[in-house]
Amino acid sequence: MVLCEDPATPKKPVISILGAGMMGAGIAQVCIQNGYPVHLYGRSEAKLLEAKEKLKKNLIRIAGKKNSGMEPEGLAQIADVQLANLHIFTEISSAVEESSMVIEAVAENLDLKLELFETVQKTCPKNCLLITNTSSLKLAQMTPVIQDPSLFAGLHFFNPVPVMKLVEVVSTDETSDETKTTLFEFCKEIGKLPVAAKDTAGFIVNRLLIPYLMDSIRMLERGDATKEDIDTAMRFGTSYPMGPIELCDYVGLDILQSTLKIFRESVPGDNRFAPSELMDKLVAEGKLGRKTKQGFYTY
Numbered sequence: 002m003v004l005c006e007d008p009a010t011p012k013k014p015v016i017s018i019l020g021a022g023m024m025g026a027g028i029a030q031v032c033i034q035n036g037y038p039v040h041l042y043g044r045s046e047a048k049l050l051e052a053k054e055k056l057k058k059n060l061i062r063i064a065g066k067k068n069s070g071m072e073p074e075g076l077a078q079i080a081d082v083q084l085a086n087l088h089i090f091t092e093i094s095s096a097v098e099e100s101s102m103v104i105e106a107v108a109e110n111l112d113l114k115l116e117l118f119e120t121v122q123k124t125c126p127k128n129c130l131l132i133t134n135t136s137s138l139k140l141a142q143m144t145p146v147i148q149d150p151s152l153f154a155g156l157h158f159f160n161p162v163p164v165m166k167l168v169e170v171v172s173t174d175e176t177s178d179e180t181k182t183t184l185f186e187f188c189k190e191i192g193k194l195p196v197a198a199k200d201t202a203g204f205i206v207n208r209l210l211i212p213y214l215m216d217s218i219r220m221l222e223r224g225d226a227t228k229e230d231i232d233t234a235m236r237f238g239t240s241y242p243m244g245p246i247e248l249c250d251y252v253g254l255d256i257l258q259s260t261l262k263i264f265r266e267s268v269p270g271d272n273r274f275a276p277s278e279l280m281d282k283l284v285a286e287g288k289l290g291r292k293t294k295q296g297f298y299t300y
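Numbered by the numbering used here, the letters in the sequence shown go through residues 2 to 300 in order.
This is the structure:
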């Protein structure tokens, strides 16, 4: 399977993205920047228009960095050319009927993802690749609703998508070699660095990252060090761009909490994924990190 059409024809195939939140919009941005027509699905037109407006601001900002001194009107024109590749939909059937690839980028809710894939397969082309952007759920949990598992895989993008270079290409035992090759080529075309990951809980990055973050929280709970000293030690002792407590706030404590729950179900008995009383208390108080202006730190 070749995702891109004949090189003599500049037109690229349609990528449908389900979910207009931060991840979905980020994936849409890198796709339209690289010439792919994108069908972005969201439940409400207001949410879609909000995502489109944010995308335009991002594209103008990027154009400004590449064209210093250009007038605002010129930068807006550059952004509008790229935005012409973006089409918004509030109906899944219309969003996917012409797609070569459908990327699901909704919340980490298995039932929601299953429902979306079942709906998508009613109208998408038979050879359409079905992709999940899950960061913690196993693909095997979704495979039962996939009509052709050889076309099903995962592309785990990282937040913020336009900035983060890595994409984990996740495959099951049933994912075809052709599908995996296509996904690697696609990632490279949109400027990403793909790595192969098997369908295990957390794949590569989160399987290593989540225990590290939880160890830092437990160190804080025990009083071994302050959050400031933990973050400073890891930033300057290991050259990490951000300390682990800061990173927890950046990810979102509610997201970290739900990811831990998924890991406990996938890897029962592993104490590295045990709940944190301190984090659970903060989440219960609505202190979720940067997005609520308060988490472990106040912003």
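Note that beta-carbon positions come from the ideal geometry of N, C-alpha and C, so glycine has one too.
Please read all numbers here as calculations on a predicted model, not as lab measurements.
For residue i, which of helix, strand or coil comes out of DSSP?
i    : result
Q258 : helix
V3   : Only weak support exists for where V3 lies, its pLDDT of 44 falling under 50; the value from the coordinates is given anyway. Here V3 sits in coil by DSSP.
F159 : coil
Q30  : helix
V107 : coil
F264 : helix
A96  : helix
M102 : strand
F297 : coil
V164 : coil
S17  : strand
S151 : helix
A9   : Below a pLDDT of 50, predicted positions are generally treated as unreliable, and A9, at 47, falls in that range; no measurement from the model is reported.
I'd like to confirm something about residue i: is its beta-carbon nearer than 8 angstroms to some heavy atom of the ligand NAP, or not?
i    : result
E247 : Absence of the ligand NAP from the depicted structure is noted, as is the absence of any ligand whatsoever, leaving it without description.
Using the rule of at least 16 other Cβ atoms within 10 Å of the residue's Cβ for burial, across every protein chain shown, is residue i buried or exposed?
i    : result
G238 : exposed
G70  : exposed
Q148 : exposed
V82  : exposed
I18  : buried
E247 : buried
E6   : Bear in mind that the predicted position of E6 carries a pLDDT of just 46, short of 50, making it unreliable; the figure below should be weighed with that in mind. Answer is exposed; the Cβ neighbour count stays below 16.
A85  : exposed
Y309 : Limits of the chain in this structure are 2 at one end and 300 at the other, which puts residue 309 out of reach.
Y37  : buried
G25  : buried
Q30  : buried
A197 : exposed
M243 : exposed
N207 : buried
K139 : buried
N128 : exposed
V164 : exposed
P150 : buried
S45  : exposed
A202 : buried
K114 : buried
T299 : exposed
K228 : buried
T10  : With a pLDDT of only 49 at T10, under the threshold of 50, the placement of this residue in the model should not be trusted; the figure read from the coordinates follows. T10 comes out exposed.
T233 : exposed
So, under 8 angstroms CB-CB, residue i and residue j are touching, yes? Tell me the CB distance rounded to an integer number of Å.
i    : j    : result
L194 : K166 : 5 angstroms
A1   : H40  : A question about residue 1 goes unanswered here, because the residues of the chain that appear run from 2 up to 300.
N1   : L76  : There is simply no residue 1 to check, as the chain begins at 2 and stops at 300 in what is shown.
E109 : T260 : 7 angstroms
C168 : F204 : Reading the sequence as shown, one finds Val at residue 168 and not Cys. The Cβ separation is near 11 angstroms, so there is no contact.
G296 : L283 : 6 angstroms
T183 : L131 : Between L131 and T183 the Cβ distance is about 12 angstroms, and since that is not below 8 angstroms, they are no contact.
G20  : V107 : 4 angstroms
N35  : E190 : 6 angstroms
T173 : T135 : About 12 angstroms separates the two Cβ atoms, so there is no contact after all.
Y251 : R291 : 6 angstroms
I93  : T120 : 5 angstroms
A154 : K181 : 7 angstroms
I231 : M215 : Going by Cβ atoms, the distance from I231 to M215 rounds to 13 angstroms, so no, they are not a contact pair.
G253 : L289 : 5 angstroms
The beta strand (DSSP E) that contains residue i, what's its start and end?
i    : result
T133 : 130–133
F118 : First-last for F118: 111–121, but that is the alpha helix (DSSP H), not the beta strand (DSSP E).
L289 : From DSSP, L289 is part of no beta strand (DSSP E); its letter is neither H nor E.
Taking the alpha helix (DSSP H) that residue i falls in, what are its first and last residues?
i    : result
M143 : Taken as a continuous stretch (DSSP letters only), M143 belongs to no alpha helix (DSSP H), as it is neither H nor E.
C125 : Taken as a continuous stretch (DSSP letters only), C125 belongs to no alpha helix (DSSP H), as it is neither H nor E.
D271 : Element bounds for D271: n/a, residue is neither H nor E.
P38  : Element bounds for P38: n/a, residue is neither H nor E.
Check your understanding: Whole alpha helix (DSSP H) runs in the segment 175–241 with 4 or more residues, listed along the chain?
Key -> For the segment 175–241, the full-length alpha helix (DSSP H) segments reaching 4 residues or more read 178–190, 206–223, 228–239 along the chain.
Check your understanding: Which full runs of the beta strand (DSSP E) of 3+ residues lie inside the segment 40–98, going along the chain?
Key -> Within the segment 40–98, the complete beta strand (DSSP E) segments of 3 residues or longer fall at 87–90, listed in chain order.
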